[in-house]
Structure formats: structure tokens, C-alpha cells
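Single-structure report; data block below.
Number of protein chains: 2
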Amino acid sequence: MSKALIAAIEAGGTKFNCSVGTGPGDLRSSARIPTTTPAETLRGVVAFFEQAVQEHGPFAAMGVGSFGPIDLRAGSSTYGFITTTPKPGWTNADLLGPLRERFGVPMGFDTDVNAAALGEHLWGAGQGMDSLVYITIGTGIGGGALVDGKLVHGMLHPEMGHLLVPLPATNAQHPLGTCPFHENCLEGYICGPAIEKRWGAPAGTFAEDHECWDEFASILASGLVNLITVLSPQRIILGGGVMHQAHLFPKIHREVLRQLNGYLQTDELLRHVAEYIVPPGLGDEAGILGALALGALAAK
Amino acid sequence: MSKALIAAIEAGGTKFNCSVGTGPGDLRSSARIPTTTPAETLRGVVAFFEQAVQEHGPFAAMGVGSFGPIDLRAGSSTYGFITTTPKPGWTNADLLGPLRERFGVPMGFDTDVNAAALGEHLWGAGQGMDSLVYITIGTGIGGGALVDGKLVHGMLHPEMGHLLVPLPATNAQHPLGTCPFHENCLEGYICGPAIEKRWGAPAGTFAEDHECWDEFASILASGLVNLITVLSPQRIILGGGVMHQAHLFPKIHREVLRQLNGYLQTDELLRHVAEYIVPPGLGDEAGILGALALGALAAK
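Here the protein sequences come in this chain order: A and B.
For the record, in the first sequence the residue sitting at position 29 is 29 according to the numbering used here, with numbers rising by one throughout.
For the record, in the second sequence the residue sitting at position 216 is 1216 according to the numbering used here, with numbers rising by one throughout.
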């Protein structure tokens, strides 16, 4: 991995985190630009990086990990665009074009969660793993993955927040979740706002023994079982605001094993599940360091 | 792809299909060996290939696509074994060892469904696709996948038959499915025996307009939505005995779009779904030709 100076952008629905640096422990300057309109936000981003060049010198490449859906198809006329997001003003917004035009450096681009998966693979909890999943559970749910050391792309990119899952019996009388698209998806039932809608208070306010966490663990575990049956990752990393509550991990471990019910007899599951489903090694910096990693790969 | 003569084995729970050939349209001799005990079955397999060498000359490599779970970890002491199958006599059975010992050629080894995915990629409905899923729906359900042109492995291999899915309301009063492990998995509700248990007659006996097919399409579509949210494949190929009924495809297309509900706005889904979810190009030969392809890759 190059040690060149890289410009990194974690483009989110509420803010764009920007930074320049070379890797973990070396983020030299950072800023949070509010996500307003594309033009205004990108003006703020450009201004930050122009200032950063003044202070730290030129950067070798730029990496952008973005909220989605985004166009990642090489050669597409809308490559580097945010595409069909419901976020007002951002439908078909050209994210990469203005940055490439202004700075003229190699650009790495992927989803925010694929970026985080890459960051964890290089520097965090996924080191030495060719195959891993990174899930973030916060105001929404997203997931990225590496298979055979490469980020997963295909028709589009993973959209793991919308995995359909069976709901536990405790939830049978519950009104519909918060996803405007799906009645039974992970995000609609266990993202932060969904927990608040279901239980009447913000997720962070419930005691460790509140029943909301049993239901949360049950629903999340169904999503993780589905990831395991499809990708069979070597490790699953769970980040995001909701997962700051460390007491959730043992609940999730138990529930994944209960639902798999002995079908998959691997050491990772049966003997080392606490090392199989883990918090991010990079903590809340997984996203920005992942974007930096995208830039570093593009600089090669 | 090499044009050398390859020995291919599709190792199934009821029979081992064996063949020698070079690819589609050139399977020179074939046999079906009943799956009894490992020792007896492998004796039959070895005898077939010894005879084939007499008739067609030596083969350059052998490819084995097997029912699972199997050990694919390079360097493992049980590499090439069938591991924790509930099938009597086959737990921890060494499948590759006796064949390697007898024939001394390079061996390709993977799950039967990963093999079929590879075969479809090289010669069937997945040509030109770097990212695809192959699902078989018959006496059981299994799935294999390629990402970035490579078969998916990780902790283990995909076990897509055991994807957990929400059940439609029509199924609410239905007794549990046929899977001994999971209450809500794809295989337990829509493999051939599950359809027979649920509706009281073999799947092949129901008319095209029987309600069983609406429920089938609904449950299968939830599984496919989950595959799309995790892998975002460029194509999904549905094979196996139950899928011989071509009238199922339009039902499945409609149901996948209904459940995705406009969340993913891709041309593949919105304009070309009939070319996105398709039958195997190799028909019922996907498995044996996939095994041959595993051998051909190993011969390189």
C-alpha cells in the first residue's frame, strides 16, 4: 500500500467527511461538510481540499466512499454519479466529475460500506481475510463485502440493508417498519429510527436487558445467517451507531448460532464465534479510512 | 480453455454422474453410479474411468462437483472430504483422496452448484458475465456463485438453499417445512419434497394455474431478492427438476419486481428481467459440464 498523501471523502446523507492523510494514525486534516445541495456541498469539499493542498502539499489520488445507489460501471456515461437516491436534490448527481475536473488526480470510487470493508481488510478487523462483510447499523443499514480480496460488484453493488428476513413472533403485532419500499427488510426493522418507532424512544436510551435488544438481535441474526449462506465470509464486522453498544455482540452471537441450528459445522462458528462477528477495528474511522484506501489503490 | 480430455464427476446424493470429454457437445462416454457407501460408490467410479481410459485414452485432469458441505480449504487435512452431511455413511468421507491416488492427475474440486455456475459462465447462460448465481431447485436447493469471474469461497462455500425468508400470508397456517434445521429456509418450503408435503402431491402434477405456483414464486422471489441485495449478480440462472416448468419464470419475474418494489432501478431489472432470471443454457448438463470445467481449469 502506497504511503503517498491521499484525499479521502466519506460522502454521507447528512455530511461529507473529508480528510487528507496516508493511513491510520496519519489523518492530517479533516472537515465535515453538511450535505445540502450537490453544488453547495461539492463547493465546500473543493474548498477544503484546496486549503489542504496549501497546508500539506499535493495529494496523489482521491478516494470517495459514497452513499448510494451509485454508478460504478466503468465506461458508463453516469459513472461516478449518485443515481436513484430518494434524497432530495441528489438524484443523478455527478459526484466524481467536478472533483476530477478540479484536482486531476486518479480517483477511487465505491459505496461507503464497500470502502469501509476495504479499510477494515487493510488495516482493521479484517486483516488477513480474503472474504469479509462490513455492515453499518445507524440511521440506515448498509453492507459491503470483499470476496477473494476484491470488493463485490455486479449488476450494481450490495444493498444489504434491504435483505428480507422473517420477523420473530414478538414482532407479529407490530406496525410496519420504516422502509418505504419493503415490508420485511433489515433496515425497516432495526436501523436506529426503526428501533425508535417500534419502541417509542431512541435506541441509545434502552437498558441492556430491555426486550428491544432481544428482538433486535433476532432480526439482525436472520440477516447475518443470510449473508453466511450466500457469501460464507471469513469474518463479519458490525459497525455504526447502534453497534456502539458492546453488550449486543454476545446476544447476536447466540442468536446466529440458534438460527443456524448446527447446520454449518465450522470452527469459526462453533468455537470462535466471538472472533467471527466483531466490531470494526477502525471504529468510527472505518468509513473515512476506507475512502482513503480506495484512493491509495487508485494511486498505484 | 484447454481442449484436453477431462474426467468429470457430478457427485450427488442419489447418484454420481461420470463422464469423459472436452466440453459441451463432446461428452464421449458417461455413466450413473448409484450413491451407496463411499467405498462401493468410488469403486464404481474408478472402474468407469479405468474403462474410459481404455476406450478414449488418458485424461489430463479430473473435475469433481460434489454435494456438500465439503472441505475446500487448501492445505486442510480433510481437503476434498465431504464433511458434515446428514447422509448416512458419508460424514467425513474422503472423496478426492482415492481418485487422486488411482489416477494421479490434477484435480479440480468444488460444490456441485459452484461447478454448475462455472459451467454456465463458460458455456451456458452466463457467458460474458463476471458475476452470476446458479440455483438448482429439485429434491433439495443449492446455489453457487461467481464474483469477478471467480467461484465464491470463504469460511466455507455458499449454502443458498438455507437462506431464511419471510413466508407469505397464504402460508401462515401451513405446518413447518421439510428442513430439519430451519423453520424458514428456502429449501424447507419450496424444494420438490416440500411442495409435495405442503400441497399433497408431487410438484410435477399441478396445473400451471394451481395456487401452489403463486406461493412458490413468492417464496423463491424472496430468496432471489436476498441474493440480489448481497451479491448484485449480473444474471441469475435457475435450474433443477422443479424449474423444468417454464411457466414459472414469468411468475418469478413479476414477484421479484413486486418485492423489490422499485428500490433498485437497473435496466436489468426494469427492462430486461426475462433475460436477468433465466433457465440454464446447458440444461440438465450444467452439473456434469461444470465438473468438467473444474477439471479443465485444474489442467491448466
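Even for Gly, the Cβ is constructed at its ideal location relative to N, Cα and C.
The structure displayed is predicted, hence computed values, not measured ones.
For a contact defined as C-beta to C-beta under 7 Å, what are the partners of A:Pro193 on chain B? Within chain B, no residue comes near A:Pro193; the closest Cβ sits about 17 Å away, beyond 7 Å.
Closer than 7 Å, Cβ to any Cβ of chain B: which residues of the segment 222-237 of chain A, in chain order? Ser222, Val225, Asn226, Leu227, Thr229, Val230, Leu231, Ser232, Pro233, Gln234
Shorter than 9 Å from the beta carbon of B:Ile1143 to some beta carbon of chain A? A small fix is needed here, since residue 1143 of chain B is Gly in this sequence, not Ile. At least one chain A Cβ lies under 9 Å of B:Gly1143.
Per-residue contacts from B:Glu1268 into chain A (C-beta, under 7 Å): Met155
Does the Cβ-Cβ distance between A:Leu227 and A:Val147 come in under 9 Å? no
Spatial distance of A:Ala61 from A:Ser76 (CA atoms): 21 Å
Since B:Gln1265 meets chain A, which of its residues come closer than 8 Å, beta carbon to beta carbon? Pro69, Thr83, Thr84
Just to confirm the assignment: which complete beta strand (DSSP E) runs, minimum length 3, are found wholly within the segment 1130-1156 of chain B? 1132-1137, 1141-1147
Find out if the Cβ-Cβ distance for the pair A:Cys179, A:Ala194 is shorter than 9 Å. yes
I need the straight-line Cα distance from B:Glu1050 to A:Val64, nearest angstrom please. The C-alpha of A:Val64 is placed about 57 Å away from the C-alpha of B:Glu1050.
For A:Pro88, decide whether its Cβ has a neighbour in chain B, counting only Cβ atoms nearer than 9 Å. Chain B, which has no Cβ nearer than 9 Å to the Cβ of A:Pro88, makes this no.
What three-state label does DSSP hand B:Leu1282 in the structure shown? coil
Does A:Ser131 get closer than 9 Å to chain B when you measure Cβ to Cβ? Taking Cβ atoms only, chain B reaches closer than 9 Å to A:Ser131, which makes this a yes.
On the DSSP bridge list, what partners appear for B:Ser1019? B:Ala1008, B:Ser1030
Determine whether the Cβ of B:Val1165 lies closer than 9 Å to any Cβ atom of chain A. yes
Sequence-distant residues of the same chain with beta carbon closer than 7 Å to B:Thr1035, five excluded per side: Gly1012, Gly1013, Thr1014, Lys1015, Phe1016, Thr1041
Where the alpha helix (DSSP H) through B:Ser1077 begins and ends: Run containing B:Ser1077: none; DSSP gives neither H nor E here.
Near B:Gly1239, which residues of its chain fall below 6 Å by C-beta distance, leaving aside the five closest residues on each side in sequence? The residues Thr1136, Pro1280, Ala1286, in chain order, have a CB closer than 6 Å to that of B:Gly1239 in the same chain once the five nearest residues on each side in sequence are set aside.
How is the alpha helix (DSSP H) around A:Thr229 delimited, first residue to last? Annotation: the continuous alpha helix (DSSP H) that includes A:Thr229 extends over 211-231.
Can you list, in chain order, the residues of its chain with a C-beta nearer than 7 Å to that of A:Gly295? Leave out the 5 residues immediately preceding and following it. Taken in chain order, the residues that qualify are Ile6, Ala7, Ala8, Ala61, Met62, Gly63, Gly108.
Taking the alpha-carbon positions, what's the B:Val1046 to B:Gly1241 distance? 28 Å
Cβ shell of A:Ala52 (< 6 Å), same chain only, five flanking positions each side left out: So the qualifying residues of the chain are Val20, Ser29.
Could you give the residue range of the beta strand (DSSP E) that holds A:Thr111? 107-111
6 Å CB neighbourhood of A:Phe216 in its chain, flanking five on each side removed: Ile190
Is A:Glu159 closer than 9 Å to B:Leu1264 when the C-beta atoms are compared? In this structure, A:Glu159 lies closer than 9 Å to B:Leu1264 by Cβ.
Would you give the residue range spanned by the alpha helix (DSSP H) that A:Val256 belongs to? 248-260
Length of the line joining the Cα atoms of A:Thr84 and B:Leu1224: 21 Å
Which residue marks the beginning of the beta strand (DSSP E) containing B:Val1242, and which one marks its end? That residue, B:Val1242, is in no beta strand (DSSP E); it is neither H nor E in DSSP.
Whole-Å CB distance - B:Ala1093 paired with B:Pro1038, under 8 Å assumed: 4 Å
So for B:Val1165, helix, strand or coil by DSSP? Coil.
Straight-line CA distance for A:Gln245 to B:Gly1142? 36 Å
Do A:Val273 and B:Ala1145 have their CB atoms nearer than 9 Å? no
Do A:Thr111 and A:His157 have their CB atoms nearer than 9 Å? yes
Just checking my contact of B:Ile1219 with B:Pro1168 at CB under 8 Å: how many whole Å lie between their CB atoms? 7 Å
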